[in-house]
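**Q**
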Amino acid sequence: PNADDEKLSDFCNHIRSSMARLFATSSKMRKIPSTRFSAKMSVFEELPEVAQKIALSLVAILRSPSEILVSSLSLVCSRRCRTKNGIEVNILSDEMIDYIMSMVHSMSRTLSLQSYLTFLVQSCGVHSAKYV
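Heads up: the sequence shown begins at 157 in the numbering used here, then just goes up one per residue.
1) Whole angstroms is fine: what's the gap from Met175's alpha carbon to Phe167's?
2) Hey, out of Ser220, Arg172, Ile217 and Leu225, whose CA is closest to Ser198's CA?
3) What do you get for Glu201, buried or exposed, if any count of 16 or more other CB atoms within 10 angstroms of its CB means buried?
4) Is Gln270 near Ser230, with beta carbons less than 8 Å apart?
5) Give the single residue among Asp161, Arg265 and Glu205 whose Cα lies nearest to the Cα of Ala216.
6) Since I believe Arg172 is in contact with Ser249 (beta carbons under 8 Å), could you give me their beta-carbon distance rounded to a whole number of angstroms?
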């Protein structure tokens, strides 16, 4: 490999590691767009849908996402905001969740089997189950 390939590889690795912060859940409560409710959300979830698709496309182009990024994506897919009144509010549209699921599926060959299976289980909301 020549020096240019190495620089490009370093650049892609840096972007991959930086992308995880975009999808990580904030510790602060934020207002859910177009509702009167608040929830703990990621920066990604606050973006307009067009910007969300661009960010996801970048993740897909870079391939080989980190386990942290895959885990964050699974949490984004499973997230539902339950208000004090018991009303359930979807933070993302079903189309966007389908887009994330298909994107991760298209990258499944670049993920470890454990990461991919964990994504599938967590994105269904199983991670938040309480064991008795």
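No residue lacks a Cβ here, since even glycine has one placed at the ideal position from N, Cα and C.
**A** For this structure:
1) Residue 175 sits at position 19 when you count from the first residue of the sequence shown. Residue 167 sits at position 11 when you count from the first residue of the sequence shown. About 12 Å.
2) The residue given as residue 198 occupies position 42 in the sequence shown. Cα-wise, what sits closest to Ser198 is Leu225.
3) Sequence index remark: in the sequence shown, residue 201 carries index 45 (1-based). Flag for Glu201 reads buried.
4) On the sequence shown, position 114 is the one that residue 270 refers to. On the sequence shown, position 74 is the one that residue 230 refers to. Against a cut-off of 8 Å, the Cβ pair of Ser230 and Gln270 comes out as no contact.
5) As a position in the sequence shown, residue 216 is number 60, starting the count at 1. Residue Arg265 is the option with its Cα nearest to Ala216.
6) Translated into positions along the sequence shown, residue 249 becomes position 93. Translated into positions along the sequence shown, residue 172 becomes position 16. Actually they do not touch by this definition, with Cβ atoms about 26 Å apart.
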